[in-house]
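Okay, structure first, notes after.
There are 2 protein chains.
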Amino acid sequence: MVRPTMEDVALRAGVSRALVSLVMRGSPKVSELRRTAVLKAAEELGYSPHAMARSLASRTSTVLGVMVSDLHNAFFAEVVDGIDEVAREQGFDIIINTGGRSPARERRALESLLSFRPAGLVLLSPVVPATAIGKAAEQLPVVLVARSSRVSTVDTVNDDGETGARLAVDHLVSLGHKHIAHLDGGEGSQAGPRRRGYVAAMESHGLVPRVVSSEYTDAAGARAIRGLIEDDALPTAILSCNDFNAVGAISALEDAGLRVPADVSVVGYDNTSLAALRHVSLTTIDQPRAEFGRLAASALLQRVRDGRTEPVRHLLNPSLVVRTTTAPPGGPR
Amino acid sequence: MVRPTMEDVALRAGVSRALVSLVMRGSPKVSELRRTAVLKAAEELGYSPHAMARSLASRTSTVLGVMVSDLHNAFFAEVVDGIDEVAREQGFDIIINTGGRSPARERRALESLLSFRPAGLVLLSPVVPATAIGKAAEQLPVVLVARSSRVSTVDTVNDDGETGARLAVDHLVSLGHKHIAHLDGGEGSQAGPRRRGYVAAMESHGLVPRVVSSEYTDAAGARAIRGLIEDDALPTAILSCNDFNAVGAISALEDAGLRVPADVSVVGYDNTSLAALRHVSLTTIDQPRAEFGRLAASALLQRVRDGRTEPVRHLLNPSLVVRTTTAPPGGPR
DNA sequence: TCTATTGGTTGGAGCGCTCTAATGCTGTAG
DNA sequence: CTACAGCATTAGAGCGCTCCAACCAATAGA
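Line by line, the protein sequences give chains X and C. The numbering of the first sequence is full-length UniProt numbering, which starts it at 1 and goes up by one. The numbering of the second sequence is full-length UniProt numbering, which starts it at 1 and goes up by one.
Structure representation (C-alpha cells):
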C-alpha cells in the first residue's frame with residue numbers, strides 16, 4: 001500500500017536520485033549502462049513517478065482540466081474524445097470533472113480542478129457566471145466550448161447556430177414547406193443563435209416565422225406539439241431546438257395519429273447518436289463535435305507552450321444531415 | 001498567471017505560514033481575530049490551497065479517481081452521479097479519466113490516474129487485464145463496477161444479470177409467450193450472466209431456449225432480426241442483451257412490416273434514457289445505477305477511512321420496467 | 001606537462017504545503 | 001512571587017520530485 005519513491009529506485013540501482021530523475025524524464029545525457037540499471041530497478045520495485053511531486057517541483061503541469069457540465073449528454077463525450085486525442089498526442093493527460101448543470105456544483109468542480117494546477121482548462125458549456133470564468137482565466141489558459149464569452153482572455157469554440165438553423169429552414173423550404181415552426185430552447189445555451197437564424201431565414205424566404213417556446217428535452221417537445229394541436233395551429237414542418245426535443249415532438253405527433261414525415265416534417269439539431277438510430281432516423285444539423293474538442297485542446301496548448309496571448313474565436317460550420325423525418329408537405333411523392 | 005501561496009497570505013495577514021495552514025483546514029484552535037485576518041488576506045489575494053502540495057505534505061488525498069471505460073454510454077454517467085454524491089458528502093473530490101474501451105488507452109488512463117495518488121480508484125467496466133487491476137490494488141483501494149473479479153483485494157459492485165434475464169423471461173411467459181429468443185451480447189461485459197439467466201429461466205418454464213449471437217449495438221440487433229426473418233424463424237418475443245440492441249431489433253421488425261408489440265414483443269436491458277423516451281418506450285430491465293455509484297464510493301471510503309480490508313461483493317437486484325413494447329402474443333387484447 | 005572541454009553524475013536547495021515539537025503568553029493556583 | 005497549566009502561535013523538517021551548479025574523470029589541444 002506504499003509506493004516506492006525515487007530514492008528507493010536510486011538506492012537499488014546504486015545511483016543518485018538526480019540520475020533516476022533524468023532517466024525517468026528520458027534525458028539523453030545518461031549512459032546506457034546506468035539507464036538500464038535504473039529502469040531495471042524501477043521495474044522491479046513497481047515504481048512510477050509521482051505526478052504531483054513532479055509538477056510541484058517543476059512548476060509545470062502536463063494535465064489539462066476538463067469540466068463537463070453534464071455527463072449524461074453524449075454531445076460532450078465526443079468533444080472530450082477530440083480533446084483527449086490532441087492532448088495525448090502532445091503528451092498531456094486530461095482530468096475530467098462534472099458540474100451537473102448546477103452553478104453551485106460547477107463552481108465547486110471548477111475549484112477542484114484548479115486546485116490541481118493544471119496547465120489549462122476546457123469548460124464545456126459551463127453555466128457558472130462569467131466572472132467566475134474570468135477569475136479562472138487570470139490563473140491559467142481557459143477555453144470555452146459551446147458557450148460564448150466577451151472576456152478577452154479566454155478562447156472560445158462554438159458552432160454557428162444561425163447558419164445551422166438557416167440550413168434547416170432552407171432544406172424545408174426547398175422541399176416545399178411554407179409553414180415552419182421553431183420549438184425553441186428558451187434560455188438554453190446556443191438557443192439564441194438558433195432562434196435568430198430561424199427567424200432570419202424564414203424572413204429571407206418571405207415566410208412568417210413562428211417561434212414556439214420550448215426546452216431542450218423530449219417532454220418539452222411533446223408538450224409544445226400538443227399545444228399546437230390544441231390550438232389547431234400545426235405547421236407542416238417543425239424545426240426543433242435539439243434532437244431530444246425533436247424526438248419528443250415526433251412522439252406527440254404520432255400519438256395524435258399524424259405520420260412523420262407524411263403529415264409533418266421534423267428537423268432536430270445536434271446529430272446526437274440518438275438521431276442516428278435507425279428507429280429514429282432524424283434529419284438534423286450536425287456539429288463537428290470531435291473537431292470542437294481538438295480545437296479547444298490545440299488552443300490551450302498554444303497558450304501553454306507557444307505563449308499565445310490574443311484570444312481565439314472558433315466558429316465552426318454546422319452541416320445538414322438528411323434522414324427520414326423530412327419530406328415534401330403532403331408526404332413523399 | 002501566478003497564484004499566491006500560503007506564504008503570501010501569511011505575510012499579508014501578518015502571521016506565520018503554519019497559522020494560515022490551520023485556518024485553511026478549519027482548525028478550531030485559531031483565535032477569531034487571526035482567522036478573520038487570514039481569510040480576509042486570502043480573499044484579497046484570490047488564494048486557494050494547492051491540492052497537490054497539500055496531498056504531498058500530508059501523505060493523504062481527498063480525491064477519488066474514476067475510470068470510465070466509455071464516456072459515450074449514459075449508463076456510466078449515472079453511476080458517476082452516485083459516486084459523486086457520496087464523495088462530495090464526505091468531502092472528497094473525484095477526477096475522471098476515460099479509457100475509450102481500448103485496453104491500451106485504459107492502461108494509460110489508469111497510469112495517469114494513479115500518478116495523482118488518489119485515495120482510491122473506481123473502475124467502471126474496465127477492459128484491462130485482471131493483473132493490471134491487481135497491481136493497482138496493491139497501491140490503493142480499488143472498486144470494480146460492472147465487472148467481476150476474483151482478486152481478493154478489490155471490491156466489486158454488479159447487478160445480478162441472471163436474475164434480470166429471468167425477470168424478463170418470466171414477464172414474457174406470463175403474457176403467454178412460448179417462443180422467446182435471446183439476442184446475446186457475445187463477449188460483452190455481463191453478457192454471460194444474462195445469457196445464463198435466460199437459458200435457465202426458459203428451461204425452468206419447460207421452454208426451449210434460443211440464443212442468437214449478437215452484440216451491444218443497434219446495428220447488431222437489426223442484423224440479428226433480419227437473420228431470423230430470413231430463416232423464417234422469428235419468435236413471438238425477443239429478449240435483447242441491452243437497450244441499444246433492442247432498439248435496432250425493433251427497427252428491423254418494423255422495416256419488415258411487423259408491429260411491436262402486436263406481432264413481436266421486445267424487452268431490452270439497462271433501462272437507459274433511450275428506453276424511457278416516449279418514442280421508444282421500451283420494456284426493459286432496470287439496474288440501480290446511481291446505487292452502483294453510491295455503493296462503490298462507500299466501499300472505497302470504508303477502506304480509506306475505516307481501514308476495512310476484507311473485500312466486499314455487492315450484487316444488486318435488477319427490476320423489470322414494463323412499457324409498451326411487450327404484449328401477449330397476437331397483440332394486446 | 002598543463003589547461004580546456006566534454007559528458008556523465010551528484011549534492012543541495014526549493015516547489016507549497018502539513019505536522020510535530022517547541023515557544024510565548026496569558027491566567028490561576030500554590 | 002514562582003509554578004503550572006492551557007491555549008494560540010510558530011519554526012523547522014520533510015513529502016517526492018526537478019533543477020542548478022558543482023564536480024569528476026577522461027580526452028583533446030597547446
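Glycine included, each C-beta is placed from N, C-alpha and C at the ideal position.
Please go through the same chain and pick out, in chain order, the residues whose beta-carbon is closer than 7 Å to the beta-carbon of residue i, but skip the five residues on each side of it.
i, result
"C/Ala-137", "Val-151, Thr-153 and Val-154"
"X/Ala-296", "Ile-83, Val-122, Val-143, Val-145 and Val-157"
"C/Gly-91", "Thr-62"
"X/Arg-107", "Val-128 and Ala-132"
"C/Gly-197", "Gly-161, Glu-162, Thr-163, Gly-164, Ala-165 and Arg-166"
"C/Val-280", "Val-247 and Leu-274"
"X/Ala-130", "Ser-149 and Val-151"
"X/Ser-69", "Gly-99, Arg-101, Glu-106, Leu-124, Ser-125, Pro-126 and Val-127"
"X/Gly-286", "For the record, residue 286 of chain X in the displayed sequence is Asp; it is not Gly. Result list for X/Asp-286: Asn-271, Pro-318, Ser-319 and Val-321, in chain order."
For a contact defined as C-beta to C-beta under 7 Å, what are the partners of residue i on chain X?
i, result
"C/Leu-228", "Result: empty, since nearest Cβ-Cβ is about 16 Å, beyond 7 Å."
"C/Asp-218", "Leu-277 and Arg-278"
For residue i, go through chain X and note every residue whose CB falls closer than 8 Å to its CB, in chain order.
i, result
"C/Lys-135", "Gly-46"
Report buried or exposed for residue i, applying the criterion of at least 16 other Cβ atoms within 10 angstroms of its Cβ.
i, result
"C/Thr-325", "buried"
"X/Arg-333", "A caution first: X/Arg-333 carries a pLDDT of 46, below 50, which makes its placement in the model too unreliable to give a value."
"C/Asp-231", "exposed"
"C/Leu-33", "exposed"
"X/Glu-310", "exposed"
"X/Pro-288", "buried"
"C/Arg-313", "exposed"
"C/Pro-28", "exposed"
"C/Val-20", "buried"
"X/Val-266", "buried"
"C/Gly-293", "buried"
"C/Ser-125", "buried"
"C/Thr-60", "exposed"
"X/Arg-25", "exposed"
Enumerate in chain order the residues of its own chain whose CB-to-CB distance from residue i is below 6 Å, with the five nearest sequence positions on each side excluded.
i, result
"C/Glu-215", "Gly-186"
"C/Gly-120", "Leu-64, Leu-140, Pro-141, Leu-300 and Val-304"
"X/Thr-272", "Ala-74 and Asp-243"
"C/Pro-103", "Val-127 and Val-128"
"C/Ile-250", "Val-260 and Val-266"
"X/Gln-302", "Arg-308"
"X/Pro-329", "Gly-176, His-177 and Thr-236"
"X/Thr-217", "Phe-244"
"C/Val-86", "Arg-294, Ala-297 and Ser-298"
Please name the residue, chosen from the options, that lies closest to residue i on a Cα-to-Cα basis.
i, options, result
"X/Leu-320", "X/Gly-164, X/Ala-146 and X/Ser-265", "X/Gly-164"
"C/Gly-307", "C/His-314, C/Ser-298 and C/Arg-313", "C/Ser-298"
"X/Lys-178", "X/Val-23, X/Gly-14 and X/Ala-327", "X/Ala-327"
"X/Ala-191", "X/Gly-248, X/Val-247, X/Gly-268 and X/Gly-176", "X/Gly-268"
"C/Ala-241", "C/Ala-249, C/Val-199, C/Leu-183 and C/Pro-235", "Going by the sequence as given, residue 241 of chain C is Cys instead of Ala. Comparing Cα positions, the closest option is C/Leu-183."
"X/Leu-11", "X/Thr-284, X/Lys-40 and X/Gly-176", "X/Lys-40"
"X/Ile-94", "C/Leu-114, C/Pro-193, C/Glu-78 and C/Ala-87", "C/Leu-114"
"X/Arg-147", "X/Val-322, X/Leu-239, X/Pro-329 and X/Leu-315", "X/Leu-315"
"X/Ala-42", "X/Val-68, X/Leu-71 and X/Arg-3", "X/Arg-3"
"C/His-72", "C/Gly-100, C/Val-66 and C/Gly-46", "C/Gly-100"
"C/Gly-134", "C/Arg-323, C/Arg-54, C/Leu-110 and C/Phe-116", "C/Leu-110"
"C/Pro-209", "C/Ala-77, C/Asp-81 and C/Val-173", "C/Val-173"
"X/Glu-291", "X/Pro-49, X/Glu-78 and X/Arg-278", "X/Glu-78"
Below 7 Å on C-beta distance, what does residue i contact in chain C?
i, result
"X/Phe-116", "Ala-51 and Met-52"
"residue 341 of chain X", "Look at the range of chain X in this structure, 1 to 333, and you will see that residue 341 of chain X is not part of it."
"X/Ile-250", "His-279"
"X/Val-312", "Within 7 Å Cβ-Cβ: nothing; X/Val-312 doesn't reach chain C, min ~17 Å."
Just the chain X side, please: which residues come within less than 9 Å of residue i by C-beta, in chain order?
i, result
"C/Gly-91", "Going along chain X, no residue has its Cβ under 9 Å from C/Gly-91, so there is no contact; the nearest lies around 11 Å."
"C/Thr-98", "Ala-77, Val-80, Asp-81, Asp-84, Ile-94 and Ile-96"
"C/Arg-107", "By Cβ distance, chain X contributes nothing, its closest Cβ being about 12 Å from C/Arg-107, past 9 Å."
Under 8 Å Cβ-Cβ, which residues of chain C neighbour residue i?
i, result
"X/Glu-111", "Ser-48"
"X/Ala-222", "Arg-278"
Excluding five sequence neighbours on each side, which residues of the same chain lie with their C-beta closer than 8 Å to the C-beta of residue i?
i, result
"C/Val-211", "Ala-181, His-182, Asp-184, Arg-195, Tyr-198 and Val-199"
"C/Leu-22", "Lys-29 and Val-30"
Chain C partners of residue i, CB-CB under 9 Å?
i, result
"X/His-72", "Ala-74, Ala-77, Glu-78, Asp-81 and Ser-273"
- Can you find at least 3 beta carbon pairs, one from the stretch 167-183 of chain X and one from the stretch 204-222 of chain X, that sit closer than 8 Å? A contact exists between the stretch 167-183 of chain X and the stretch 204-222 of chain X.
- Query: Are the stretch 217-231 of chain C and the stretch 249-256 of chain C touching by the rule of at least three beta carbon pairs closer than 8 Å?
  - Reply: yes
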